[in-house]
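Input: a single structure, listed below in structure tokens.
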Amino acid sequence: MEYDTIAAISTPMGEGAIAIVRLSGEQAVTIADSIYKGKQSLCDVTTHTIHYGKLMDPATDEAVEEVMMSVMRAPRTFTREDVVEINCHGGLVSVNRVLQLVLREGARLAEPGEFTKRAFLNGRIDLSQAEAVMDLIRAKTDRAMNVALNQMEGRLSKLVSSLRQTLLETIAHVEVNIDYPEYDAEEMTHQLLQEKLHEVKNEVATLLTTAQQGKILREGLSTAIIGRPNVGKSSLMNALVQENKAIVTDVAGTTRDVIEEYVNVRGVPLRLVDTAGIRETEDIVERIGVEKSRKVLKEADLILLVLNNNERLTQEDENLLAAVKGLNAIIIINKTDLESHIDRDRLQQLSDNHPIITVSLLQEEGVDRLEEGIAKLFFAGGMEAQDMTYVSNSRHIALLQQASGSIEEALHGIEASLPIDMIQIDITRAWEILGEIVGDTVSESLIDQLFSQFCLGK
Ligand code: GDP
Ligand code: ZN
0 MEYDTIAAIS
10 TPMGEGAIAI
20 VRLSGEQAVT
30 IADSIYKGKQ
40 SLCDVTTHTI
50 HYGKLMDPAT
60 DEAVEEVMMS
70 VMRAPRTFTR
80 EDVVEINCHG
90 GLVSVNRVLQ
100 LVLREGARLA
110 EPGEFTKRAF
120 LNGRIDLSQA
130 EAVMDLIRAK
140 TDRAMNVALN
150 QMEGRLSKLV
160 SSLRQTLLET
170 IAHVEVNIDY
180 PEYDAEEMTH
190 QLLQEKLHEV
200 KNEVATLLTT
210 AQQGKILREG
220 LSTAIIGRPN
230 VGKSSLMNAL
240 VQENKAIVTD
250 VAGTTRDVIE
260 EYVNVRGVPL
270 RLVDTAGIRE
280 TEDIVERIGV
290 EKSRKVLKEA
300 DLILLVLNNN
310 ERLTQEDENL
320 LAAVKGLNAI
330 IIINKTDLES
340 HIDRDRLQQL
350 SDNHPIITVS
360 LLQEEGVDRL
370 EEGIAKLFFA
380 GGMEAQDMTY
390 VSNSRHIALL
400 QQASGSIEEA
410 LHGIEASLPI
420 DMIQIDITRA
430 WEILGEIVGD
440 TVSESLIDQL
450 FSQFCLGK
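All letters in the sequence shown, in the order written, are residues 0 to 457 by numbering that gives the first Met the number 0.
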């Protein structure tokens with residue numbers, strides 16, 4: 000398949016020492032050569048080599064820029080097409096001038112994600128790998144980046160493909176039985192089907208158990224800081240943000256009306272959110288009742304409940320402790336620099352075995368212990384294994400759940416001794432759904448929609 004030649008600035012916008020304008024397509028080398036003057040024509044150079052020269056404006060025949068041209072011939076390129084990368088000076092003006100030149104010579108401005116889309120369309124990568132490229136660009140922590148890298152290497156694709164293969168074998172087996180009923184060994188078929196389907200269903204379930212963590216690594220652990228007025232909630236927020244370089248986010252579609260700060264605590268991305276306004280609101284329990292506030296609090300992945308060491312537990316403190324029972328919470332006793340009046344025994348009783356950590360935010364004491372506590376909570380159960388295949392993408396999670404549902408249907412069908420061709424429908428459906436993860440069975444509009452979420456130049 001041949002596509003037109005596209006071009007874009009593929010380094011981040013703004014000042015930098017160098018910038019790269021990337022061309023991809025059949026005309027990439029010809030277009031680059033038409034504005035290049037160097038020792039030899041780019042059409043004659045060996046593939047995967049880099050060449051110094053001047054960039055000429057064909058309209059005026061003037062040299063406009065010094066450049067290094069990387070020439071990479073298909074198919075050993077990211078897009079599997081001819082690719083030229085023009086390395087030029089990093090200023091916004093000069094890099095734009097280079098882009099304008101290649102556009103004038105016949106290239107088309109690439110749409111966001113179009114380079115990656117071509118890699119997908121030309122069969123270089125599958126859809127889950129393309130999505131990993133997008134995750135990689137947005138990764139907020141090293142761990143999130145590892146998840147994306149693993150996926151880009153095709154781990155998820157391989158797993159999903161082998162599951163599909165198993166399903167395909169069962170379908171083939173069923174078909175033999177339909178086509179040659181004289182062979183009929185119905186009992187045998189059912190048993191074999193059940194085994195295979197259980198196998199696939201279990202593997203899908205295992206993948207789904209990684210989903211929550213994968214999603215958190217990708218999107219951040221939504222964290223609510225709660226406590227009554229003046230206990231030190233804002234101080235805690237500031238301490239976490241100051242110690243852990245806040246991460247700038249540009250995730251498309253996140254609502255901007257919630258106050259959010261991203262921090263990276265020992266590899267755990269925290270999204271400090273003002274969950275339904277509870278962070279700075281006083282006594283939610285009083286206001287909306289224990290049950291309702293539990294519901295609100297449940298929306299957070301992690302709750303940091305702050306208490307004041309200098310005062311006795313109040314009714315409001317006790318309400319909050321009751322509200323976080325059974326939820327993922329850490330209790331923080333702040334102001335340890337002041338005299339202790341808090342009832343530790345009573346607190347122990349009410350704490351529901353949540354970790355209790357003492358700090359003095361004023362003296363910047365104990366914040367490291369808190370961070371350790373957060374990391375420990377998150378990585379409990381040895382989930383931090385680096386080589387794990389995480390499912391982190393909501394689209395993939397939804398598809399895995401659907402596939403599991405179809406397999407479940409098939410299993411019910413077998414139990415109810417439904418005709419074998421009815422069962423086959425469900426198995427085929429599961430096979431198709433799994434195919435959507437790797438992009439085998441997706442519609443064109445979905446592909447367009449997915450790739451449009453990319454940044455320009457990728
Ligand atoms: P918030 O209302 O819960 O957000 O509490 P703030 O973070 O605004 O803090 C309330 C007051 O307590 C401020 O005057 C802080 O300076 C003070 N404060 C915070 N942490 C400590 C601490 O560890 N020790 C002492 N002595 N004062 C603190
Ligand atoms: Zn505050």
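Note that beta-carbon positions come from the ideal geometry of N, C-alpha and C, so glycine has one too.
Nearest by alpha-carbon distance to residue i: which of the options is it?
| i | options | result |
| --- | --- | --- |
| residue 92 | 17, 129, 74 | 17 |
| residue 462 | 298, 353, 26, 318 | What the structure shows of the chain is the stretch from 0 to 457, and residue 462 is not part of that stretch, so it cannot be assessed. |
| residue 73 | 118, 50, 102 | 118 |
| residue 80 | 68, 261, 123, 60 | 123 |
| residue 377 | 403, 300, 348 | 300 |
| residue 221 | 44, 260, 313, 208 | 260 |
| residue 225 | 307, 202, 169, 161 | 307 |
| residue 191 | 170, 116, 209 | 170 |
| residue 538 | 151, 439, 101, 309 | Lying before the first or after the last residue shown, residue 538 is absent from the chain, which here runs from 0 to 457. |
| residue 338 | 357, 353, 351 | 357 |
| residue 478 | 47, 321, 362, 4 | Here the chain has residues from 0 to 457 only, and residue 478 is not among them. |
| residue 438 | 64, 75, 128, 3 | 128 |
| residue 189 | 430, 409, 450 | 409 |
| residue 348 | 365, 4, 330 | 330 |
| residue 209 | 43, 399, 417 | 399 |
| residue 113 | 6, 341, 425, 413 | 6 |
| residue 201 | 90, 407, 422 | 407 |
| residue 103 | 346, 223, 4 | 4 |
| residue 109 | 371, 341, 2, 43 | 2 |
| residue 365 | 441, 350, 336, 341 | 336 |
| residue 390 | 62, 134, 298 | 134 |
| residue 315 | 132, 229, 130 | 229 |
Using 8 Å as the threshold, is the C-beta distance between residue i and residue j below it?
| i | j | result |
| --- | --- | --- |
| residue 296 | residue 267 | no |
| residue 173 | residue 419 | yes |
| residue 326 | residue 302 | yes |
| residue 428 | residue 405 | yes |
| residue 318 | residue 231 | no |
| residue 395 | residue 436 | yes |
| residue 49 | residue 66 | no |
| residue 271 | residue 312 | no |
| residue 31 | residue 68 | yes |
| residue 485 | residue 162 | Examination of residue 485 is not possible in this model, given that the chain is present from 0 through 457 alone. |
| residue 111 | residue 393 | no |
| residue 328 | residue 346 | no |
| residue 265 | residue 370 | yes |
| residue 40 | residue 57 | no |
| residue 441 | residue 155 | no |
| residue 28 | residue 83 | yes |
Environment of ligand 1 in chain order, Cβ to heavy atom below 6 Å | 226, 228, 229, 230, 231, 232, 233, 234, 333, 334, 336, 337, 359, 360, 361
Can you list the alpha helix (DSSP H) stretches of 4 or more residues lying completely in the region 55-108, in chain order?
-> 91-103
Stretch-stretch touch, CB-based, cutoff 8 Å, three pairs: the region 153-169 with the region 195-209 | yes
Could you tell me which uninterrupted alpha helix (DSSP H) segments, each at least 4 residues in length, are contained entirely in the region 390-457, listed from first to last along the chain?
-> 393-414, 419-437, 443-450
With a floor of 4 residues, list each alpha helix (DSSP H) that falls wholly inside the region 326-388, ordered by position along the chain.
-> 343-349, 366-377
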